[in-house]
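Position one of the sequence shown corresponds to residue 1417 (the working numbering), numbered consecutively onward.
Quick notes on the structure that follows.
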Amino acid sequence: MNKQSYICIVKFWFWCYNTRILCFNKFRNTKISEIALTPLSLEHLIALCHDTFYYSELSSEKQNEKINKLAEVVLQKTGGNPFFVNQFLETLHDEQLLHFDTEIKSWIFDFVAIQQRQMTDNVVDLLVQKIQKLPIET
1417 MNKQSYICIV
1427 KFWFWCYNTR
1437 ILCFNKFRNT
1447 KISEIALTPL
1457 SLEHLIALCH
1467 DTFYYSELSS
1477 EKQNEKINKL
1487 AEVVLQKTGG
1497 NPFFVNQFLE
1507 TLHDEQLLHF
1517 DTEIKSWIFD
1527 FVAIQQRQMT
1537 DNVVDLLVQK
1547 IQKLPIET
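In structure tokens:
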């Protein structure tokens, strides 16, 4: 599988997960019921972060270094697991460790806090943490 196909499948998987849609598809008359995703490499995470935070190859060198550094931290914290990558980035945004500054029109990353942020490698623990953060009324 080439890099672009892999990234497309991962983005589609994230979209399905985020929109809570279960997709069944046919490919060459063969039903796809499961896609085994391997851990994302640093190269894939860099591409994902560039796309997610709207950086392009034309961005400044400093901006590209910032995104590359974020991708390295994400890889270190998640092991490249696509599910945990998505959850980790979502958590960082929820906790304002990465946010968009409208005045300077750029993403701000708190690398010290992100580096210190612990990430579980257990789906059950992750879901328990998310449930505990829900309001009592929920």
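Don't be surprised by glycine CBs; every beta carbon is placed ideally from N, CA and C.
| message | For a test of the three-state rule: what should DSSP assign to residue 1524, helix, strand or coil? | response | Within the sequence shown, numbered from 1, the residue matching residue 1524 stands at position 108. Residue state, collapsed to three classes: strand.
| Is it true that the segment 1514 to 1522 meets the segment 1495 to 1503, where meeting means three or more beta-carbon pairs spaced less than 8 Å apart? | no
| CB-CB length for residue 1373 against residue 1513, believed under 8 Å | Not covered by the structure: residue 1373. The range shown for the chain is 1417 to 1554.
| said: Based on DSSP bridge pairs, tell me the residues matched to residue 1514. | reply: In the sequence shown, residue 1514 corresponds to position 98, counting from 1. 1525, per the DSSP bridge assignment.
| field | C-beta atoms of residue 1542 and residue 1503 nearer than 9 Å | value | Locating residue 1542 in the sequence shown gives position 126, where the first residue counts as 1. Locating residue 1503 in the sequence shown gives position 87, where the first residue counts as 1. Cβ atoms of residue 1542 and residue 1503: closer than 9 Å.
| query | Can you name the start and end residues of the alpha helix (DSSP H) that residue 1459 belongs to? | reply | Here residue 1459 corresponds to residue number 43 of the sequence shown, with the count starting at 1. It spans 1458 to 1468 - the alpha helix (DSSP H) in which residue 1459 sits, taken as one unbroken run.
| Residue range of the alpha helix (DSSP H) that includes residue 1483 | Here residue 1483 is taken as the residue at index 67 of the sequence shown, counted from 1. From DSSP, the alpha helix (DSSP H) with residue 1483 extends over 1477 to 1494.
| query | Can you tell me whether DSSP reads residue 1497 as helix, strand or coil? | reply | By one-based count along the sequence shown, residue 1497 stands at place 81. Here residue 1497 sits in coil by DSSP.
| From residue 1469 to residue 1509, what distance separates their C-alpha atoms? | Here residue 1469 refers to the residue found at position 53 when the sequence shown is read from its first residue. Here residue 1509 refers to the residue found at position 93 when the sequence shown is read from its first residue. The alpha-carbon atoms of residue 1469 and residue 1509 are separated by roughly 12 Å.
| field | heavy atom of the ligand GTP below 8 Å from residue 1453 C-beta | value | The ligand GTP is absent from the structure shown, which contains no ligands of any kind.
| request: Grab me the residues of residue 1458's own chain with a C-beta within less than 7 Å of its C-beta, minus the 5 sequence neighbours each way, in chain order. | output: Stepping through the sequence shown from its first residue, residue 1458 is reached at position 42. The answer, listed in chain order, is 1487, 1488 and 1491.
| query | If you run the structure through DSSP and keep just helix, strand and coil, what is residue 1506? | reply | In the sequence shown, the residue the question calls residue 1506 occupies position 90. In this structure, residue 1506 counts as helix in the three-state DSSP scheme.
| query | If we ignore side chains and look at the alpha-carbon of each, how far apart do residue 1552 and residue 1507 end up? | reply | Residue numbering aside, residue 1552 sits at position 136 when the sequence shown is read from its first letter. Residue numbering aside, residue 1507 sits at position 91 when the sequence shown is read from its first letter. Each residue's alpha carbon lies about 19 Å from the other.
| field | Helix, strand or coil at residue 1547 according to DSSP, with G and I counted as helix | value | Your numbering for residue 1547 matches position 131 in the sequence shown. Residue 1547: helix per DSSP, three-state reduction.
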